[in-house]
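Comments concern the structure below.
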Amino acid sequence: MSGLTALELARIQFGFTVTFHIVFPAITIGLAAFLAMLEGLWLWKKDDAYLDLYHFWSKIFAVNFAMGVVSGLVMAYQFGTNWSFYSQFAGSITGPLLTYEVLTAFFLEAGFLGVMLFGWHKVGRGLHFFATVMVAVGTMISATWILASNSWMQTPQGHEVVNGVVIPVDWLAIIFNPSFPYRLAHMVTAAMLSTALFVGASGAWHLLKGNKTPAVKRMFSMALWMLLFTAPLQVLIGDVHGLNTLKHQPAKIAAVEGHWANVPGEGVPLILFGLPDMDAETTRFKVEIPRLASLILTHSLDGQIAGLKDFPREDRPNATVLFWSFRVMVGLGLLMVLLGGWGAWVRWRGRLYQSPMLARFALWMGPSGLIALLAGWYVTEIGRQPWVVYGLMRTKDAVSEHSAMTLSIGLVVLVVMYLGIFGTGIGYMLRLVRKGPQPHEPHPVDIADNQRPARPLSAVDESLYCAPNTTH
Amino acid sequence: MGIDLPLIWFLIIGFGVMMYVITDGFDLGIGILFPFIRDREHRDTMVNTVAPVWDGNETWLVLGGAGLMAAFPKVYAILLSALYLPALGLLAGLIWRGVSFEFRFKADEAHKPFWDRAFMSGSFAAAFFQGVILGAFIEGHQIVDGAATNGVMGWLTLFNVFCGLGVVVAYALLGATWLVYKTEGPLQASIIRAATPITLATVVTMLVVSIWTPMTHPAIFERWFSLPNFWFFLPVPLLVLLATWAILRSLRGEPHAGPFVWSLVLVFLGYTGLVISIWPYVLPPSLTLWDAAGPPESLGFALVGALFIIPFILGYSAWSYYVFRGKVKVGEGYH
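So the sequence lines, in the order shown, correspond to chains A and B. So that you can map any letter, position 279 of the first sequence is 279 in this note's numbering, and since no number is skipped, the others follow by simple counting. Take any residue in the second sequence, count from 1 to its spot, add 1000: that is its number in this note's numbering.
The following block contains the structure:
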């Protein structure tokens, strides 16, 4: 009906749902750390602008967290509904790691999130700060489990295959597999960057509207400090992650570089732009810098890396998609470095809150962190193809035997529902952002005092829609 | 031989599913009862009775999914694939219900009816598809080359649809008796009036399933009606009759927690009956829990975390129910 095969549809469905899902946990990780920092600074410097910002961002955190929980529900079941043979093959590894992730998330929500959002009057300042820090740490532990699971699929080790099923042998080796530390660092930093860009854009929007309260200035300033240090750091982490990938998944790097074959004795050029053609086995329209790829990837001018032609056709990932996803990620990353540097320069000139050019740039860069993050995930996931577990199981052998018709129905249902629901949710978050931090906002009501229900979204009382709500 | 890990995980997941059915059962039941309660304030009060706890109740389902993949990957893989469409319906229903639950509180008057309808339809769909999945689970799956042979629409049978409606009715019972327990005044009175027919409908459904299942499954017939099993299991149906009588009786006069407690007993008995029928299969009639278990290295590793954290979740849930004990008054509320 759509001309796509069942395998392609299953991959699109997974890609679609995980693309929507990952945005929420990424912002959760970043905002939790931001909130911990705000509360720490408030306790240290006794400046109420930090507290106003804490209350403001904790509402957005709450809505975002709720969206993440809802979109995560589908993820917990999708390995079974769509990737049955993968689950039978490697459920022994993925299952326990996902169980730990779920347990960590619930431990977190049960233990500390309630105190953080509703416990202002219930516990002392120190204990409240502790709860916020624990939420921040907990989100990272959660990410650790998921990234261990994902990284094992990229660089599997610590297992045996017996009778066609993976048997875990050494859990430490499984969790600390070769690509895990790099991927974890890259992802957590990406989450921080995405959040900093989101916070910075929110501040910029208010500055451009002339709403220059201390809290607005403070968040804009903090976001730019964060970018100044984190964006270059991310470039370095990305570089070592790339070298790690070259060692373990050379075909992925060849596809990212659009590199098909080596010329004997000559270094590999860096192709800035071009269009890799999988059928013709060449990269068309290329603009290249001689020997730069050699320099970046082998740290010598005439080092060579494997080209795509060194791999059998059926083992090559799609270079067209990888080449461009990678360049979107790197291009946005460089713009982030630029924004951080520009911000520092304008700050040094003493015009941080007076420069409309800078504010406009920061505003436009608002979604760039999340776009780069998604592009990066496309590189690593599509770059793992045609394998679902690298070198062990092919994606085509992992997928459940559904017809294209069944999967089309599933996909349509999910797309319509996700766009409706998460569109409303994201719109709601943006509305909260637009309202801006309010000075001297009271603490959210304590649950035990008046028997009010307390779930993450209870922390927010603004109406879902634009019209002022007069009923409560 | 050491610890029987598959058995321990069978108990953990069985416990998790039961906790889910009981607790999210009354949450979903409230959505199912929505069409019968028109008054806006009454509807708000109904939702307020579960507002503090509903998302914690759903926790058990997510834990069940991840735990099933860890402990019984074959069941997770084969069952969910075979039931792709009903599983999708269940998840869509739950997401729809969950989001509308929150959004209806924050919607303005013009949009509230939309989110009310979303809450109703999501609750109904989630309950119905849970029943369909239950029915299909009982009907059984033959496995060839790691996949069930039932076909993509294999779940759409009269029995399964009947089970779907049965779960809708049973959740309506849990929801109604929960509301009898948690509300007062005219709202409670109208719920009490509805509770008696719902109780009777639930028991009739249970009876029909209890007769239908052994009639079509010789192994289940054998399990229940061979001697001496019959005498061992006879208390189950007798207790069902007792629980039914107790619900109906406690609904008269000035009911409080009685109908809800007895409804829990009734649902628990239904669950017990199911376990008696299928034991020791986790994917009847093909895989026993020992056939389907993952490697002991996986079960043992995951067990450490589960044993550490599940008591914590239980403690927290109990605390939530304790904090929000007592009646929810109309108009009192949650924004």
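Glycine residues also receive a C-beta, built at the ideal position from the N, C-alpha and C atoms.
Hey, could you find the ends of the alpha helix (DSSP H) A:ASP48 is sitting in? 48 to 82
Nearest to A:PRO214 (by Cα), restricted to the options A:LEU352, A:VAL287, A:VAL399: A:LEU352
So is A:SER58 buried or exposed if we call it buried at 16+ other beta carbons inside 10 Å? buried
For A:TRP171, go through chain B and note every residue whose CB falls closer than 8 angstroms to its CB, in chain order. GLU1297, PHE1301
With DSSP run on the structure shown, which of helix, strand or coil describes A:GLY274? strand
Could you name the residues of the stretch 1309 to 1322 of chain B whose beta carbon sits closer than 7 angstroms to any beta carbon of chain A, in the order they occur along the chain? ILE1309, PHE1312, ILE1313, TYR1316
Where does A:TYR353 fall in DSSP's three states? coil
Output needed for B:ILE1328: all residues of its chain with C-beta closer than 7 angstroms, excluding positions within five of it in sequence on either side, in chain order. Checking the displayed sequence, the identity of residue 1328 of chain B turns out to be Val instead of Ile. The residues are THR1045, ASN1048, THR1049, LYS1182, THR1183.
Grab me the residues of A:ALA231's own chain with a C-beta within less than 8 angstroms of its C-beta, minus the 5 sequence neighbours each way, in chain order. LEU193, GLY333, MET336, VAL337, LEU339, GLY340
Need the endpoints of the alpha helix (DSSP H) that A:HIS206 sits in, please. 180 to 208
What are the start and end residues of the alpha helix (DSSP H) that includes B:PHE1072? Taken as a continuous stretch (DSSP letters only), B:PHE1072 belongs to no alpha helix (DSSP H), as it is neither H nor E.
Going by C-alpha to C-alpha distance, which of A:THR298, A:VAL216, A:VAL235 sits closest to A:LEU243? A:THR298
Taking only three categories from DSSP, how would you classify A:ARG434? helix
Using a Cβ distance threshold of 8 angstroms, determine whether the stretch 180 to 192 of chain A contacts the stretch 1306 to 1313 of chain B, with at least three qualifying pairs required. no
Run the CB neighbour count on A:ASN163, radius 10 Å, all protein chains shown included, and call it buried at 16 or more, exposed below. exposed
Within chain B, partners of A:TYR77 - CB distance below 7 angstroms: GLY1065, LEU1080, ALA1087, LEU1091
Taking one C-beta from the stretch 245 to 264 of chain A and one from the stretch 318 to 329 of chain A each time, how about it: are there three or more such pairs within less than 8 angstroms? yes
Can we say the stretch 1225 to 1244 of chain B touches the stretch 1289 to 1309 of chain B, given the rule of at least three CB pairs closer than 8 angstroms? no
How far does the alpha helix (DSSP H) with A:HIS487 in it reach, from first residue to last? An answer regarding residue 487 of chain A cannot be provided, because it is not within the stretch 1 to 472 covered by chain A.
Cα-Cα separation, A:ALA173 to A:VAL389: 16 angstroms
Amino acids of chain A, ordered along the chain, whose beta-carbon sits closer than 7 angstroms to that of B:TYR1020: What B:TYR1020 touches in chain A: nothing, since even the nearest Cβ is about 12 angstroms away.
Can you tell which of A:PRO178, A:ASN211, A:LEU207, A:MET219 has its C-alpha closest to the C-alpha of A:THR195? A:MET219
Taking Cβ to Cβ, would you say A:SER463 is nearer than 8 angstroms to B:LYS1074? no
Looking at B:THR1202 and B:ALA1170, is the spacing between their C-beta atoms short of 8 angstroms? yes
Taking B:LEU1156 as the reference, give the member of B:VAL1180, B:LEU1085, B:ALA1125, B:TRP1224 with the closest Cα. B:LEU1085
With a cut-off of 8 angstroms, does the C-beta of A:ILE426 fall near any C-beta of chain B? no
Could you spell out where the beta strand (DSSP E) holding B:LEU1283 opens and where it closes? 1281 to 1283
Roughly how many whole angstroms lie between the Cα atoms of B:THR1216 and B:SER1210? 11 angstroms
On the criterion of 16 or more Cβ atoms from any shown chain inside 10 Å, does A:ILE305 qualify as buried, or is it exposed? buried
Tell me, please, whether the stretch 1090 to 1097 of chain B touches the stretch 114 to 128 of chain A by the rule of three or more beta-carbon pairs shorter than 8 angstroms. no
If the criterion is Cβ atoms closer than 8 angstroms, does the pair B:LEU1248 and B:THR1177 meet it? no
For B:GLY1270, does the count of other Cβ atoms within 10 angstroms reach 16, so buried, or fall short, so exposed? buried
How long is the line joining the alpha carbons of B:VAL1330 and B:GLU1041, rounded to whole angstroms? 6 angstroms
Going straight from the alpha carbon of A:MET405 to that of A:THR424, what length do you get? 29 angstroms
To which residues does DSSP link A:MET393 through a beta bridge? A:VAL389
Just checking: is the beta-carbon of A:PHE130 within a distance shorter than 8 angstroms of some beta-carbon in chain B? no
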